[in-house]
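As you go down the protein sequences, you meet chains P and G in turn. If you read the first sequence in UniProt numbering, its first letter stands for residue 1, the second for the next number, and so on. If you read the second sequence in UniProt numbering, its first letter stands for residue 1, the second for the next number, and so on. Ideal Cβ positions, reconstructed from N, Cα and C, are used throughout, including at glycine. I have placed the structure first, in the form of structure tokens, so that the comments after it can refer back to it.
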Amino acid sequence: NNNNTARFDAARRVAIFGGTHGNEMSGVTLVNLWMQNSAEIQRKGLEIKPFITNPKAVEKCVRYVDTDLNRAFTQENLSATGGDELPYEVQRAQEINRMFGPKGSAEAYDVIFDLHNTTSNMGCTLILESSKDAFNLQMMNYIKKAFAPASCLVLLNEHPLLKYSTSRSVAKHPVGMEVGPQPQGVLRSNIFEAMRVILKHALDFISLFNEGMEFPPCTVEVFRVLERMDYPRDANGNIIAMVHPNLQDCDWEPLNPGDPMFQTFDGKTIHYQGSSTVYPTFINEAAYYEKQQAFVTTRRETLAASAISKTTK
Amino acid sequence: MERTSVPPIHNVAICGGTHGNELTGVYIVREMQKQKMEKAGSVSVTTVETNPRAVAAGRRYTEMDLNRCFTDVLLSSPITESTLYEVRRAQELNAQLGPKGSAEAVDLLIDLHNTTSNMGLCLILRPNRNAILSVIHKILYFKNNLSSVPVRAIQLDIPSSKAYSLESVGKHGFAIEVGPQPNGVLRADIFNVVKEALDLTLQWLQKFSSGHSFEGGTVEAYTFVKSVDYPRDSAGKATAVIHQNLQDNDFKLLRSGDPIFQTFSGDILKYEGEDLYPFFVNECAYYEKKIAFHLAQRKTYSFPPISVKND
Chain P
1 NNNNTARFDA ARRVAIFGGT HGNEMSGVTL VNLWMQNSAE IQRKGLEIKP FITNPKAVEK
61 CVRYVDTDLN RAFTQENLSA TGGDELPYEV QRAQEINRMF GPKGSAEAYD VIFDLHNTTS
121 NMGCTLILES SKDAFNLQMM NYIKKAFAPA SCLVLLNEHP LLKYSTSRSV AKHPVGMEVG
181 PQPQGVLRSN IFEAMRVILK HALDFISLFN EGMEFPPCTV EVFRVLERMD YPRDANGNII
241 AMVHPNLQDC DWEPLNPGDP MFQTFDGKTI HYQGSSTVYP TFINEAAYYE KQQAFVTTRR
301 ETLAASAISK TTK
Chain G
1 MERTSVPPIH NVAICGGTHG NELTGVYIVR EMQKQKMEKA GSVSVTTVET NPRAVAAGRR
61 YTEMDLNRCF TDVLLSSPIT ESTLYEVRRA QELNAQLGPK GSAEAVDLLI DLHNTTSNMG
121 LCLILRPNRN AILSVIHKIL YFKNNLSSVP VRAIQLDIPS SKAYSLESVG KHGFAIEVGP
181 QPNGVLRADI FNVVKEALDL TLQWLQKFSS GHSFEGGTVE AYTFVKSVDY PRDSAGKATA
241 VIHQNLQDND FKLLRSGDPI FQTFSGDILK YEGEDLYPFF VNECAYYEKK IAFHLAQRKT
301 YSFPPISVKN D
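The following block contains the structure:
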């Protein structure tokens with residue numbers, strides 16, 4: 001039914017970002033590989049640019065040098081003046097916005113894949129920033145089906161307060177790829193291969209779309225971000241408990257009211273006090289201790305995506 | 001075997017945060033300080049956060065790896081304005097817990113570490129007749145009581161003057177190394193295991209000090225033989241990742257022909273050499289030290305019954 005088909009221009013310009021966090025090694029390694037030899041990622045009629053977004057952080061093997069690049073793409077930062085005086089990552093954000101944006105404009109790249117790792121046991125996760133982006137929803141549906149029976153879940157972060165300004169947000173269709181668990185600074189072959197495969201499926205989707213394939217309406221199960229849960233802390237801001245052993249590594253599994261959530265250093269259990277079952281993720285991510293986050297809660301939702309196909313000239 | 005007398009242990013130092021992003025030790029030490037753990041029976045207990053700057057920065061070290069600063073040369077080097085923070089800190093710790101090699105040094109120094117490798121709980125020590133005996137007893141004690149995690153002993157054959165790590169400051173010392181845990185992450189299950197291991201150690205010390213006799217027996221220990229680096233290109237960049245058959249298989253015997261690396265272009269590289277046991281497989285901090293994994297021989301040692309020597 002053509003009336004209900006959403007039309008998008010062919011996605012001609014695609015970027016693959018690695019090293020947005022300099023110590024998340026799968027993306028750093030894949031992008032460096034593809035910058036040397038791009039045969040694996042080439043697709044007909046498509047310009048695919050692999051790119052290291054935070055080279056200084058990559059060189060030092062740290063998450064960031066001055067400030068988190070993946071929070072830096074706010075309008076305020078993108079229009080800030082100050083040149084060299086600005087924090088390194090703000091300068092980088094402006095540069096990336098010039099090269100791949102400008103954010104929000106017709107000239108912006110069609111799709112950006114931003115490659116990340118997490119210390120959390122999240123498996124393969126695709127991160128969606130808008131529930132209304134039919135193109136992205138259809139892509140994620142395609143990837144999930146192509147990757148099956150292996151699991152690839154979708155995290156939707158549309159929360160007005162918890163949503164943040166990512167590197168990929170410069171593009172018309174931003175796609176986050178988060179694979180874990182992997183320690184910072186470590187490259188694990190299973191994690192590396194998984195990321196390589198889901199990216200391959202993503203590029204196949206774009207290729208098929210550009211060739212004129214119509215994707216019928218579909219539904220996609222997503223986990224929608226609800227709330228950030230911090231560690232219990234003392235008056236000086238020091239953590240006084242750890243993620244409970246029953247919750248550790250249980251990303252995406254139901255957390256019911258009354259379930260163990262934290263364990264104090266002297267062995268006491270702190271229970272989840274919410275009023276309904278939630279699905280926690282980003283459990284015990286190393287980088288989030290400083291962001292006051294032990295885990296985020298999500299709820300399961302099924303999103304409907306309209307049929308999509310390429311605009312015809 | 002004949003019963004052996006071992007000199008008493010009057011004091012023990014428990015150290016954490018030697019690498020600032022290995023969090024178990026940091027929080028164990030803080031909790032012990034909060035609980036005012038200063039005595040275990042007649043044994044006095046000191047707790048020290050050894051590299052507070054690195055802990056505050058969430059980094060392994062600020063200028064130099066503190067756990068390489070305890071050689072005789074570095075401990076006696078003159079301090080100038082340009083002396084690296086960790087070298088200074090090592091000399092402070094040597095004054096507080098040593099001096100290394102002297103009669104004033106703490107009797108036992110335990111340094112708490114984490115690794116990203118799947119090593120379970122390891123006691124790392126340099127062989128020294130009495131140290132082996134008492135640590136071996138501890139291992140046996142742990143094994144009987146710590147059922148949730150594999151417990152192993154690793155020996156590094158380095159003479160005292162060249163010994164570079166913190167525990168060499170004590171008359172006896174060992175590191176407790178537990179993994180896998182990512183840098184910057186605090187896992188409750190690992191915290192609980194290390195806390196239990198320390199409780200058992202202090203219990204053992206109290207029993208030992210009060211004259212208890214410990215039975216002899218046998219124990220396996222792994223002795224470091226050599227390390228293996230990643231294959232690299234002409235620019236020095238690693239061209240491969242640890243093969244999935246080796247990843248997480250620390251202490252599983254490696255034989256000639258077993259896959260060890262997978263190159264980024266998909267080729268499999270195989271191990272060639274004598275049968276040895278890999279450990280510290282894919283330890284994050286060792287990338288810059290050009291180590292993909294270490295290899296060890298495994299030997300069984302028998303040891304006699306021991307009790308404390310009465311003065």
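Shown here for R63(P): same chain residues with a beta carbon closer than 6 Å to its own, the five before and five after excluded, namely H21, N23 and A287 in chain order. Less than 7 Å divides the Cβ of P217(P) from the Cβ of A307(P). If you look at L33(P), you'll find it in the alpha helix (DSSP H) that goes M25 to Q36.
Interface with chain G (7 Å Cβ-Cβ cutoff): N190(P) is included. Close to chain P, meaning a Cβ-Cβ distance shorter than 9 Å, are the following residues of the segment 180 to 202 of chain G: P180, Q181, P182, N183, G184, V185, L186, R187, A188, D189, F191, N192 and K195. Within the segment 80 to 165 of chain P, the runs of beta strand (DSSP E) that reach at least 3 residues and sit entirely inside it are, in chain order, 111 to 117, 123 to 128 and 152 to 156. Residue pairing from DSSP places Y279(P) in a beta bridge opposite T298(P). One Cα belongs to W204(G), the other to Y271(G), and the distance between them is close to 41 Å. Chain P places no beta carbon closer than 7 Å to that of Q33(G), leaving this residue out of the contacts. Taking 7 Å as the CB threshold, F265(P) lines the interface with chain G. Taking 7 Å as the CB threshold, N121(P) stays off the interface with chain G. T300(G) counts as exposed, since fewer than 16 other beta carbons sit within 10 angstroms of its beta carbon. Listed along the chain, the chain P residues whose CB falls inside 8 Å of the CB of F264(G) are T29 and L33. Comparing alpha-carbon positions, the option among R228(P), T53(P) and L199(P) lying closest to F282(P) turns out to be R228(P).
Here L46(P) has R12, V14, I206, S207 and N210 as same chain residues with Cβ atoms under 7 Å from its own Cβ, once five neighbours each way along the sequence are excluded. Every unbroken stretch of the beta strand (DSSP E) spanning 3 or more residues and falling wholly within the segment 113 to 196 of chain G is given here in chain order: 120 to 125, 151 to 155 and 172 to 179. Under the Cβ criterion of 7 Å, Q244(G) is counted among the residues facing chain P.
In this structure, the alpha-carbon of K39(G) lies about 29 Å from that of F303(G). Cβ contact annotation for L226(P) (same chain, cutoff 8 Å, sequence separation greater than five): H159, V278, V296, T297, T298 and R299, in chain order.
For T46(G), the CB contacts under 6 Å within the same chain, skipping 5 residues up- and downstream, are A13 in chain order. If you check each beta-carbon in the segment 59 to 75 of chain G against every beta-carbon of chain P, the ones closer than 9 Å belong to R59.
In the three-state reduction of the DSSP assignment, L84(G) falls in the coil class, being assigned neither a helical nor a strand state. When C-alpha distances from Y109(P) are compared across T5(P), R43(P), K49(P) and V186(P), the shortest belongs to K49(P). Against H271(P), chain G offers no close residue; the least beta-carbon distance is about 15 Å (beta-carbon pairs closer than 9 Å).
The C-alpha of S161(G) lies about 28 Å from the C-alpha of V43(G). Look at C284(G): its C-beta is under 7 Å from a C-beta on chain P. Its chain contains S256 as the residues whose beta carbon lies nearer than 7 Å to that of G273(G), once the 5 sequence neighbours on both sides are disregarded; these appear in chain order. Under the DSSP assignment, L295(G) falls in the beta strand (DSSP E) whose first and last residues are F293 to F303.
Using a Cβ distance threshold of 7 Å, L23(G) and L186(G) count as a contacting pair.
Between C122(G) and I158(G), the gap from beta carbon to beta carbon reaches 7 Å or more. For Y61(G) and V222(P), the gap between their C-alpha atoms comes out near 40 Å.
Taking N249(G) as the centre and dropping the five residues before and after it, the same chain places the C-beta of N118, P278 and V281 closer than 8 Å to its C-beta, in chain order.
Contact between F51(P) and I16(P) holds, since their C-beta atoms are separated by about 7 Å, short of 8 Å.
Using a Cβ-Cβ distance cut-off of 8 Å, the segment 94 to 112 of chain G and the segment 165 to 179 of chain G are in contact, since at least three pairs of beta carbons, one from each stretch, lie closer than that value. The Cβ atoms of F251(G) and H137(G) do not sit closer than 7 Å to each other. Exposed is the label assigned to K226(G), since fewer than 16 other Cβ atoms lie within 10 Å of its Cβ.
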